[in-house]
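Undergrad: Before I ask anything, let me first share the structure, which is written out below as structure tokens.
Protein chains in written order, with the working numbering: chain A, 1 to 163; chain B, 1001 to 1384.
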């Protein structure tokens, strides 16, 4: 993938609502070029999905996130991939990562309440035969998500006209 | 008269006059701002905060912190200049550096050739120093040529004015034009022919898009005739920190330092520490900002071209469209645009007489505002 195509993807990663026309104007390619780049990236699974980052908290939506550290035991029949896939298929599970260090997986779980999340972990994760131990960390506040700051940034204090 | 005649002779800044019109108005999108819209990269601010916590608050050497001078000497190899830290002086922004360079070089009545349109300070600082500012209109392509410079110098000599220095600024504020090596060679040839010193304001060097920036001081034998000026305001958004530097041959360096030590003592220490962090670890931040400016340039030029003639800027964050065909003067155009469409631009005439017929648009605003502003300008021109 060439540099221009990468730049197009970076722009979309940051703002999926940019039109092909605007992207074309910004990177100095034709609209046709942009359509081609995006189509190819979609077909090849490079673009996975177009999402919107929403701050639900502002709507008073109560959601509980927890980061679960999981230690597992491997057998001839069950690899990391097998265990990860079982966990990942639950809709409550937001992210699954194989990690280095004391634990094997880090899983992010979303639920409506503390109880909700605790039960999910107890009933669905801990009961997987290969899971040895879990540690649940509830998220108290999020300051940055997907590279976006969730607190108020500095205002523009520049004068309106400067030489 | 209580104030100096030289100062009294200066016209008030065209930009200032315009500024009064829009002070405090929040409904206006300003493309009049000649400074980056990005905040200073956090790593640089953190480094300055740490230094304050550690109590680093005193004067530095008149020259500036030695380690910073070393960083700059090494850094400038990027633009083709090999120099030692002993040739580098830290100043309170390029603004101070222009002033002390002129004062170090000029005797009363000596001439300074100033290609226009140009930044607003060169002419007044020349005049205040007692020099004679010789305007050199470079419209319509904004590129100085050897022949024209020689002919202006000869004409000045007929009036007993010897051209002692020429001030160049590339990439250029307000035109966005930069100079290729062949243009730099013409300027160098002129300087050699007339035994003049080149004051080379390279504050926008990092923001070069069309070709790689080269300093005129990198040309064969030119280091000894050139005072290179640069700083951290544009590349690293550090406008309010007032930190820049001059790279000069020994005799001019010593003369500049004499003035600097009396009028400034040293550049602010916190700013020097931030500058050091910028050069050591700020490259990625800079590249990201530059890529964003480039996208805005492409976007702005593409859209404005529908209604106005404009030369694609090679660097900086300015476009300088021609508005003469609308039948309005620069100032009328800017005022009408401001009152009718709430977009602020700077009349080209603020940057020298030959800037009449143009407007300066700074694309140092976020894409959302830029889109809105350019669409308003397009509609405005179409309505004329």
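Glycine is no exception: its CB is placed at the ideal position from the N, C-alpha and C atoms.
Would you mind giving the Cβ-Cβ distance between residue 1264/B and residue 1036/B, rounded to the nearest angstrom? I have them listed as a contact below 8 Å.
TA: Contact doesn't hold; Cβ gap of about 24 Å is too wide.
Undergrad: Give me the chain B residues within the contact set of residue 156/A, using Cβ-Cβ distance strictly less than 7 Å, ordered along the chain.
TA: Simply 1037.
Undergrad: Residues of chain B with CB closer than 7 Å to the CB of residue 129/A, please, in chain order.
TA: Within 7 Å Cβ-Cβ: nothing; residue 129/A doesn't reach chain B, min ~46 Å.
Undergrad: Check the Cβ-Cβ distances between residue 1350/B and every residue of chain A, and say whether any is below 9 Å.
TA: It does: the Cβ of residue 1350/B has a partner Cβ on chain A nearer than 9 Å.
Undergrad: From residue 1103/B to residue 54/A, what does the alpha carbon distance come to, in whole angstroms?
TA: One C-alpha to the other measures close to 58 Å.
Undergrad: Taking the straight line between their C-alpha atoms, what separation do you get for residue 1328/B and residue 1033/B?
TA: Answer to the nearest angstrom: the Cα atoms are 22 Å apart.
Undergrad: Mind checking residue 1182/B: buried by the 16 CB within 10 Å criterion, or exposed?
TA: The residue is exposed, with fewer than 16 neighbouring Cβ atoms inside 10 Å.
Undergrad: If the cut is a Cβ gap below 7 Å, which residues of chain B does residue 34/A touch?
TA: Here the premise fails: no neighbours, minimum Cβ distance about 13 Å.
Undergrad: Taking only beta carbons into account, state which residues of the stretch 1140-1156 of chain B come closer than 8 Å to chain A, listed in chain order.
TA: Going along the stretch 1140-1156 of chain B in chain order, one finds no residue with a Cβ nearer than 8 Å to chain A.
Undergrad: For residue 1034/B, go through chain A and note every residue whose CB falls closer than 7 Å to its CB, in chain order.
TA: Within 7 Å Cβ-Cβ: 162, 163.
Undergrad: Is residue 1248/B closer than 9 Å to residue 1101/B when the C-beta atoms are compared?
TA: Closer than 9 Å, so yes.
Undergrad: Mind listing the chain A neighbours of residue 1344/B? Cutoff is C-beta to C-beta under 7 Å, in chain order.
TA: Residues of chain A passing the Cβ test: 160, 161.
Undergrad: Taking buried to mean at least 16 other C-beta atoms within 10 Å of its own C-beta, is residue 1314/B buried or exposed?
TA: Looking at its Cβ environment, which holds 16 or more other Cβ atoms inside 10 Å, residue 1314/B is buried.
Undergrad: Specify the secondary structure class of residue 977/B as computed by DSSP and reduced to three states.
TA: Because chain B here runs from 1001 to 1384, residue 977/B falls outside it and cannot be looked at.
Undergrad: If we cut at 9 Å on Cβ distances, does residue 1073/B have a partner in chain A?
TA: No, residue 1073/B lies away from the interface with chain A (no Cβ there is under 9 Å from its Cβ).
Undergrad: So, does the CB of residue 1367/B fall closer than 9 Å to a CB anywhere in chain D?
TA: Given the protein chain composition of this structure (A and B), no chain D is represented.
Undergrad: Going along the stretch 1103-1130 of chain B in order, which residues come within less than 7 Å of chain A, judged by CB to CB distance?
TA: Hits within the stretch, in order: 1119, 1120.
Undergrad: What are the residues of the stretch 16-40 of chain A that lie near chain B, defined by any Cβ-Cβ distance shorter than 8 Å?
TA: The stretch 16-40 of chain A vs chain B, Cβ under 8 Å: 22, 25, 26, 27, 28.
Undergrad: So residue 1044/B packs on residue 1064/B, CB below 8 Å; how close in whole Å?
TA: Actually they do not touch by this definition, with Cβ atoms about 17 Å apart.
Undergrad: Thinking residue 1372/B and residue 1029/B are a contact (beta carbons under 8 Å), I'd like their distance in whole angstroms, please.
TA: Contact flag correct, Cβ pair sits at about 6 Å.
Undergrad: Taking all protein chains shown into account, do 16 or more other C-beta atoms lie within 10 angstroms of the C-beta of residue 1004/B, making it buried, or fewer, making it exposed?
TA: Classification for residue 1004/B: exposed.
Undergrad: How big is the Cα-Cα spacing for residue 1049/B and residue 1383/B?
TA: Approximately 51 Å between the Cα atoms of the pair.
Undergrad: Starting from residue 1089/B, trace the beta strand (DSSP E) both ways and give me its first and last residue.
TA: First-last of the beta strand (DSSP E) with residue 1089/B: 1088-1091.
Undergrad: Report the three-state DSSP secondary structure of residue 1082/B (helix, strand or coil).
TA: Correct three-state label for residue 1082/B: coil.
Undergrad: Between residue 1098/B and residue 1199/B, is the Cβ-Cβ spacing less than 9 Å?
TA: Cβ distance < 9 Å, so residue 1098/B and residue 1199/B count as in contact.
Undergrad: Is it a yes or a no for the stretch 19-31 of chain A touching the stretch 112-123 of chain A, going by three-plus beta-carbon pairs under 8 Å?
TA: No: fewer than three Cβ pairs fall under 8 Å.
Undergrad: Using CA atoms only, rank isn't needed, just tell me which of 1080/B, 1352/B, 1207/B, 1212/B is closest to residue 1237/B.
TA: Looking at the Cα atoms, 1207/B is the closest of the given residues.
Undergrad: Which same chain residues end up closer than 8 Å to residue 1257/B when comparing Cβ atoms and leaving out the 5 residues on each side of it in sequence?
TA: Contacts found: 1062, 1063, 1089.
Undergrad: How many angstroms separate the CA atom of residue 104/A from the CA atom of residue 82/A?
TA: Approximately 13 Å between the Cα atoms of the pair.
Undergrad: Would you mind sorting residue 1082/B into buried or exposed? The rule is 16 or more other CB atoms within 10 Å of its CB.
TA: It counts as exposed.
Undergrad: Look at the alpha carbon of residue 1284/B and the alpha carbon of residue 137/A, and state the distance between them as a whole number of angstroms.
TA: When rounded, the distance between both Cα atoms is 34 Å.
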